[in-house]
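Residue numbers (the working numbering): -4 to 225.
Below you can see the structure in the form of structure tokens.
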């Protein structure tokens, strides 16, 4: 429960077994923000760089020092997502050190097999390597030092479910048959947790991330009031 006054903000935990502490409330300032000191909203910026947090009572934290800086113009944020297609996912495990060292070659082999079947366009195929850089991608500072065991999430996306399933199946299964230098066997360097690929929810991506200038805060949000009664 939040109580806002001209002097402070007080946040109280409503659950009998919980409480709001200085640490829990201050930590929330980092939620979905690239900078914990500034929150940019439609009409300006909430400057929290001078915030002071204190324990008001056993269940309440008190915050003072926040300042709202009005923007020169009012802007409304527009966000949107567009559907790409149907999606299937597969899971691949790798424990063999040599295969881990050549995991990009293994993925490249599988992707080549998909291209031979479907060409270069009309679908998407993603291999996310957990244990190397699956979470942070190219921003991962230790991507050259993978773990002793990898899990690869394979995603196939296509206009139809049947095509997405086949893209994902080939992109997953062909990792098992990847040809690597210095390996005499023709298969078996990866493991599968499941015998099939699984249908997932449709794939979407961001299509709109913009701000629109308005002369008045309610310009784009007309309000109509109706009195209903007997």
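Positions of the beta carbon are idealized from the N, C-alpha and C atoms, including for glycine. Predicted, not measured: the structure shown is a model, and the values here were computed from it.
- Along the stretch 9 to 87, the alpha helix (DSSP H) occurs as fully enclosed runs of 4 or more residues at 17 to 22, listed in sequence order.
- Contact between residue 195 and residue 80 is ruled out by a C-beta separation of about 11 Å, above the 8 Å threshold.
- Cβ contact annotation for residue 84 (same chain, cutoff 7 Å, sequence separation greater than five): 148, 149, 150, 163, 192, 193 and 195, in chain order.
- Residue state for residue 197 is assigned as strand, using DSSP reduced to three classes.
- Boundaries for residue 110: no beta strand (DSSP E) harbours it, while the alpha helix (DSSP H) harbouring it runs 98 to 113, taken from the DSSP string.
- Taking a cut-off of 8 Å for Cβ pairs, the stretch 169 to 184 and the stretch 93 to 100 touch, as three or more such pairs fall below it.
- Taking the Cβ atoms as the reference, residue 126 lies roughly 6 Å from residue 141, within the contact range of under 8 Å.
- Secondary structure at residue 95: helix, using DSSP grouped into helix, strand and coil.
- Spanning the alpha carbons of residue 165 and residue 179 requires a straight line of approximately 22 Å.
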